[in-house]
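Asks:
There are 4 protein chains.
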Amino acid sequence: MNVGVIGTGAIGTDHIRRLTGRVAGARVTAVFDVDTARAATVAAMAGAASHREADDVIDDPAVEAVLVASPGDTHADLVLACIAAGKPVLCEKPLASTSDAALKVVEAEVTYGRRLVQVGFMRRYDGGYLGVKTALAAGRIGEPLLVHCVHRNVSVPPSFTGDMSLTDSLVHEVDACRWLLDQEIVAATVVDVPHSPLALPQLRDPRLVLLETERGIVIDAEVFVNARYGYDVRCEVVGTTGTVALDAPSTGVVALEGGRVQALPMDWEARFGQAYVDELQAWVDAASQGTADGPSAWDGYAATAVAEAAVASRGARTKVDLAERPGLYSGESLP
Amino acid sequence: MNVGVIGTGAIGTDHIRRLTGRVAGARVTAVFDVDTARAATVAAMAGAASHREADDVIDDPAVEAVLVASPGDTHADLVLACIAAGKPVLCEKPLASTSDAALKVVEAEVTYGRRLVQVGFMRRYDGGYLGVKTALAAGRIGEPLLVHCVHRNVSVPPSFTGDMSLTDSLVHEVDACRWLLDQEIVAATVVDVPHSPLALPQLRDPRLVLLETERGIVIDAEVFVNARYGYDVRCEVVGTTGTVALDAPSTGVVALEGGRVQALPMDWEARFGQAYVDELQAWVDAASQGTADGPSAWDGYAATAVAEAAVASRGARTKVDLAERPGLYSGESLP
Amino acid sequence: MNVGVIGTGAIGTDHIRRLTGRVAGARVTAVFDVDTARAATVAAMAGAASHREADDVIDDPAVEAVLVASPGDTHADLVLACIAAGKPVLCEKPLASTSDAALKVVEAEVTYGRRLVQVGFMRRYDGGYLGVKTALAAGRIGEPLLVHCVHRNVSVPPSFTGDMSLTDSLVHEVDACRWLLDQEIVAATVVDVPHSPLALPQLRDPRLVLLETERGIVIDAEVFVNARYGYDVRCEVVGTTGTVALDAPSTGVVALEGGRVQALPMDWEARFGQAYVDELQAWVDAASQGTADGPSAWDGYAATAVAEAAVASRGARTKVDLAERPGLYSGESLP
Amino acid sequence: MNVGVIGTGAIGTDHIRRLTGRVAGARVTAVFDVDTARAATVAAMAGAASHREADDVIDDPAVEAVLVASPGDTHADLVLACIAAGKPVLCEKPLASTSDAALKVVEAEVTYGRRLVQVGFMRRYDGGYLGVKTALAAGRIGEPLLVHCVHRNVSVPPSFTGDMSLTDSLVHEVDACRWLLDQEIVAATVVDVPHSPLALPQLRDPRLVLLETERGIVIDAEVFVNARYGYDVRCEVVGTTGTVALDAPSTGVVALEGGRVQALPMDWEARFGQAYVDELQAWVDAASQGTADGPSAWDGYAATAVAEAAVASRGARTKVDLAERPGLYSGESLP
Ligand SMILES: [Mg+2]
Ligand SMILES: [Mg+2]
Ligand SMILES: [Mg+2]
Ligand SMILES: [Mg+2]
């Protein structure tokens, strides 16, 4: 399948490398980036054409499917263009900058009548999360009641500001919990906590967020993007008869002076690198059938809507005002 | 040191067995229980006298220190009588049924002028908690920002009702966090969560509670007294540069069909049995010097006050209205 | 790259599925199996031709590289034919049934003058083993002195008999240790141990084997192919200043009655599935350049020679009589 | 019970501190050490008399039981004197410098007709080992087939020389395995391995030892007394249907840059401190009844005999030539 890639920054280039060298059935044939020099270099590396405009990638008759990895505020329009062109698209999260914009994508896809959009929530492809999902589905812990989440990064670049720990980081917990629990999140509360003096003040880092699902399950999620010591993602679902927790992959236990050390990854590439490959493989498999699988436009919309409610909450429980879910998205998960 | 024990139920008898067979420098010479037959049996076992009234134990001239393990609503008056008699006393938690009653104990002890009271918060003597305390004191994680607590019991007896998961269970987290962080808890919020159908409805089990310290650190604590699968106590303190977590003792890892199993204790006796012994040893050591060490009457008062705020909160952040701490309690911890 | 596959049993079919659906840059275009019906079915599934003879696959002008997954006693001749045809070949272990036969492959490849052969020791591609390798290379444990290995299977089929726990199972430890330590194994001793009554008597299961490297490092390896409880592979290298141990991937920790359970895989597919994919990708990448990477014919020869010494040892230390290593194999590892 | 202590070096003083401050029912009333100044200081600390000769402690009519913590070559004679005096004695390991001398103690006790001797194998009182014992007794792993042991110290003092890693360290594994498996060890082989350049050459450190029980179970034991990184004791028993492994206690898991660190103890005091207390309590409990419990003179003899065989083995399997076990020792364990 011929893939066009829009956005050849770090993430886009990583995706191109995976599509080219780790995924079956895909070839990158066209790219675009506002940084035309960068685009040309990456295009040469991949043996692809470098186009003048993002839309040229989508309109390129040789391109059968599109991967969108440009800045977040360009996502919605590009995905709409893909839908208009009838081409499957993998859109990095977020699907859109606002839930309104995301909802427009949902509506366009519903009008189109078939799924074309997959959103880049790669955790659904991680072995650890899949193990939790399997345990839940098998009823091993009875009925879920609570979820405890932790999402810690070593640090963030200066461009990571404002409420991005909600709109860019927490959304992973939002999607993972919606998927694990098979239900919508209907309310969000950001709890006021002390902020690390090692983080920029405007980040108000860490954040502690309470999320509430349609059946009342409460999720507490710590998002700490300057945790310094490592990239650490945890998730424990507490049920009526037991609990199940995400188990992180590791690459060896070293016993050295002081104790037994289990190495932690320092970034998401180390932690979720394989999940990205598997995400792309699943996308290529579905897209080459003209459709999409995995996290949908609806999932992208819901995650954005929950993050918006969290941003708005400022300490008070805030309802998530979701649209009614179209039948197109009633398939594999969520009733 | 001759010890008198008031209350020879399960906990009192366990304490007598430890004082007699596991602790240096103590002898149980007098006991009382409202169940006189039970008291007589236990007295015979310990080689102690069985008295007619609780006060007779306190007034017994041979008794040098008193252990109070009777029902919680009798604690405050008994401890007051011990102070009046100038005898060191170990009082099982809670120190009193209400913070007002607990404050009276504090005031009496302040008037007496020297510490005589130790409250039975045994976790301060647990090797795991001591390890966390040591790591914090050594600055290994920088400045504490957040604490995540879990407190799960297999199940509770029918007598465990109403808000006891706050007044009897959560108080352990309250005391442990005050001690670990060296600061008061000034607000409490019970978050509404779904309740397990396997627990009695009036318990509203599990509970999720947010606690806030005087310096703004937020503690989220899950208390789940019908968790079914085991007795599981966890605590992770998140700091600016790392985290430290309680590591549970274990008694062997068995690899059996399905996986590697790390045995969990099924009750607090299995988990904290050694902590109880060490608590008693510390008490005997201090009491034989005519004073008290470890958790103080003030600690008992503060824990009760926080639990009261939690009970009152019903979903809204509720301030803990603490008295001013007397100088008597300004010693080893808390400024 | 067009791949021909010889042998479409379970392992061959798994490899075809991976080449087709999980690996970049490969297509299966020809297959052969003695079971012609099976071969036809698999060929249809993969969109490949089904040939009458194994040699027809090798000789097929469209086939650019060959994967050999037929029974072990056919391997050496097929690999020799691939070398004669100048085609890169991935040969499932063992490279040959005897070290003499394996040495003939080595000699043929040396005569050919360039590496064409990769042997299927997939553990070299496992994230856990790679972590151990990295720690060793970084000198984190000082100089290696001892290695403790465990290799346990749930059970084996009736066709797994005689000394196969040495020739088919232990060879994985042999290759992994040679690779981790960068040195040859020069002696082997099978220690007499009690055998499980739950295994067929002729398997003498478990086995305990002592291996000795050219620099004197001793490896103790337990191979237990009827361990019942799970598929469990462990490896700890003990150095002068620390140790490093393989850390198994997991898919979730479940807390259930009795304890905290870390799921164990039940077979090698679950444990090393990703390693197989990465092995194939590495092979395709090198083969499409007309050469081979990873475990070489020499590695296959050495592993077979060590297993032979172990079989011959019957309790007495037995030297491994290795040929001199040709310069062709002096590249990336082993001096 | 009045205890006399012979030997007030580091271990003797630790025991006195425990007897005085952590154990119920004991008082140290007399001490002896060849270093009379040291003895006087310790005696003053404990409120005990300081005697001129070791025998004076044993003969002191106020002394009801004796603890022997003097150098190993004095143990046998002192224990014989205790038996002659009819006084219970706790003898630090080894019971004697040679198995012949140890056998004389056994014979003297048999002649006396009742157990008076307990040998200081404290691991039998460790919660971790007790957990393994419980799992084995419950049949959780089927029938034991193999045992893997590791015994690592950070370093040893210059006085630790020659074969002491066999006679002083390995004996703990010998006793623990005899006790866990309920059977004698009948053969020992020291395997030649590379020695750490960081240890004194004459120590030939680490050692790898194979032990064989009367029913053929094989134990491989690594003893490494200059392992540098920590004090690390491990034991895994492999059975027909599962395995059980010792789980080390910990005092907190710290997540810091680089990974999750589980603290390791740096010496046996940190690892087995509680086991020593429990050992002493068990001894006091039995001695105050005029008898002994726990590891017997026979156990001390057997451990010494196995260590002797190991020392003699020099790479060849060497039989342990055990005397016939007297009926006195047929009680709780070993048939
Ligand atoms: Mg993503
Ligand atoms: Mg208590
Ligand atoms: Mg293989
Ligand atoms: Mg000892």
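Chains as they are written, first to last, in the working numbering: chain A, 1 to 335; chain B, 1001 to 1335; chain C, 2001 to 2335; chain D, 3001 to 3335. Here a beta-carbon is modelled for each residue, glycine too, at the ideal position from N, C-alpha and C.
Tell me where the beta strand (DSSP E) around E3236 (chain D) begins and ends.
Replies: 3232-3239
Asks: Are there any heavy atoms of ligand 5 lying less than 7 Å away from the beta-carbon of E269 (chain A), as far as the coordinates show?
Replies: As far as ligands go, the structure on display features ligand 1, ligand 2, ligand 3 and ligand 4 and does not contain ligand 5.
Asks: Using CA coordinates, which residue listed in C:T2161, C:V2261, C:A2043 is at the minimum distance from I1253 (chain B)?
Replies: In the sequence on display, residue 1253 (chain B) carries Val and not Ile. Of the candidates C:T2161, C:V2261, C:A2043, the one whose C-alpha sits nearest the C-alpha of V1253 (chain B) is C:V2261.
Asks: Chain A beta carbons: is any one of them nearer than 8 Å to that of D1321 (chain B)?
Replies: no
Asks: Beta-carbon separation of R1038 (chain B) and N1002 (chain B) under 8 Å?
Replies: no
Asks: Name the DSSP bridge partner or partners of G1259 (chain B)?
Replies: The partner list for G1259 (chain B) (beta bridge, DSSP) reads B:L1256, C:A2263.
Asks: Residues of chain A with CB under 8 Å from E1222 (chain B), in chain order?
Replies: L146, H148, V238
Asks: Assign K93 (chain A) to one of two classes, buried (16 or more other C-beta atoms within 10 Å of its C-beta) or exposed (fewer than that).
Replies: Buried.
Asks: Under 8 Å between beta-carbons, which chain C residues line up against T3241 (chain D)? List them in chain order, please.
Replies: L2198, R2228, Y2229
Asks: What is the DSSP secondary structure of P335 (chain A), counted as helix, strand or coil?
Replies: The pLDDT assigned to P335 (chain A) is 43, lower than 50, so where the model puts this residue is not dependable; a value taken from the coordinates is nonetheless given after this. P335 (chain A) falls in the coil class under three-state DSSP.
Asks: Relative to the C-alpha of V2993 (chain D), which candidate in D:I3006, D:I3217, D:P3071 has its C-alpha closest?
Replies: The structure shown has nothing for residue 2993 (chain D), since chain D only spans 3001 to 3335.
Asks: Please report whether the beta-carbon of H2015 (chain C) lies at a distance below 8 Å from any beta-carbon of chain A.
Replies: Residue contact with chain A for H2015 (chain C): absent (no Cβ-Cβ distance below 8 Å to any residue of chain A).
Asks: Sorted by chain position, which residues of the same chain lie with C-beta nearer than 6 Å to A1316 (chain B)'s C-beta, five sequence neighbours on each side aside?
Replies: When the five nearest sequence neighbours on each side are left out, no beta carbon in the same chain lies closer than 6 Å to the beta carbon of A1316 (chain B).
Asks: Does DSSP classify E2107 (chain C) as helix, strand or coil?
Replies: In this structure, E2107 (chain C) counts as helix in the three-state DSSP scheme.
Asks: For a contact meaning CB atoms closer than 8 Å, what does L1264 (chain B) contact in chain C?
Replies: A2255, G2258, G2259, R2260
Asks: So R3271 (chain D) packs on V3233 (chain D), CB below 8 Å; how close in whole Å?
Replies: 7 Å
Asks: If V3005 (chain D) sits next to L3067 (chain D), beta carbons under 8 Å apart, how far is it from one beta carbon to the other, in whole angstroms?
Replies: 5 Å
Asks: Quick check on this structure: which residue in B:E1184, B:Y1276, B:P1206, B:E1143 has the alpha carbon closest to the alpha carbon of A1306 (chain B)?
Replies: A quick correction: the sequence has Val, not Ala, at residue 1306 (chain B). Minimum Cα distance to V1306 (chain B) is reached at B:E1184.
Asks: Shorter than 8 Å from the beta carbon of L2208 (chain C) to some beta carbon of chain D?
Replies: yes
Asks: At what residue ranges does the stretch 3175-3218 of chain D contain a whole run of the beta strand (DSSP E), taking only runs of 3 or more?
Replies: 3185-3191, 3207-3213
Asks: Taking only beta carbons into account, state which residues of the stretch 2093-2118 of chain C come closer than 8 Å to chain D, listed in chain order.
Replies: none
Asks: Verify whether the separation of the beta carbon atoms of L3328 (chain D) and E3109 (chain D) is less than 8 Å.
Replies: yes
Asks: What number of angstroms, rounded off, separates the C-alpha of L3246 (chain D) from the C-alpha of Y3129 (chain D)?
Replies: Between the alpha carbons of L3246 (chain D) and Y3129 (chain D) lies a distance of about 6 Å.
Asks: Below 7 Å on C-beta distance, what does D232 (chain A) contact in chain D?
Replies: A3255
Asks: Could you have a look at G127 (chain A) and say whether DSSP puts it in helix, strand or coil?
Replies: helix
Asks: Who are the Cβ neighbours of V63 (chain A) in its own chain at under 8 Å, not counting the five residues just before and after it?
Replies: N2, V3, G4, T29, A30, V57, K87
Asks: Less than 8 Å between C-beta atoms, sequence neighbours within five positions excluded: which residues of the same chain meet that for Y231 (chain A)?
Replies: R152, N153, V154, L264, P265, M266, D267, W268, A270, R271
Asks: In or out: D1035 (chain B) buried (at least 16 other Cβ within 10 Å) or exposed?
Replies: It is exposed - the Cβ of D1035 (chain B) has fewer than 16 other Cβ atoms within 10 Å.
Asks: Cβ of G2216 (chain C) less than 8 Å from any chain D Cβ?
Replies: yes
Asks: Could you check the C-alpha separation between C1082 (chain B) and A1101 (chain B) for me, to the nearest Å?
Replies: 15 Å
Asks: Along chain A, in chain order, which residues have C-beta atoms closer than 7 Å to that of V1191 (chain B)?
Replies: L210, V218
Asks: Does the beta carbon of I194 (chain A) sit closer than 8 Å to a beta carbon anywhere in chain B?
Replies: In the sequence on display, residue 194 (chain A) carries Pro and not Ile. So yes, P194 (chain A) belongs to the interface.
Asks: Distance, Cα to Cα, T2336 (chain C) vs A2065 (chain C)?
Replies: The structure shown does not extend to residue 2336 (chain C), since chain C spans only 2001 to 2335, so no value can be given for it.
Asks: How is E308 (chain A) classed by DSSP in three states: helix, strand or coil?
Replies: Note: E308 (chain A) maps to helix in three-state DSSP.
Asks: Tell me whether the stretch 2293-2312 of chain C and the stretch 2133-2141 of chain C touch, counting them as touching only if at least three CB pairs, one residue from each stretch, are closer than 8 Å.
Replies: no
Asks: Would you mind stating whether A2309 (chain C) and K2319 (chain C) have Cβ atoms separated by less than 8 Å?
Replies: yes
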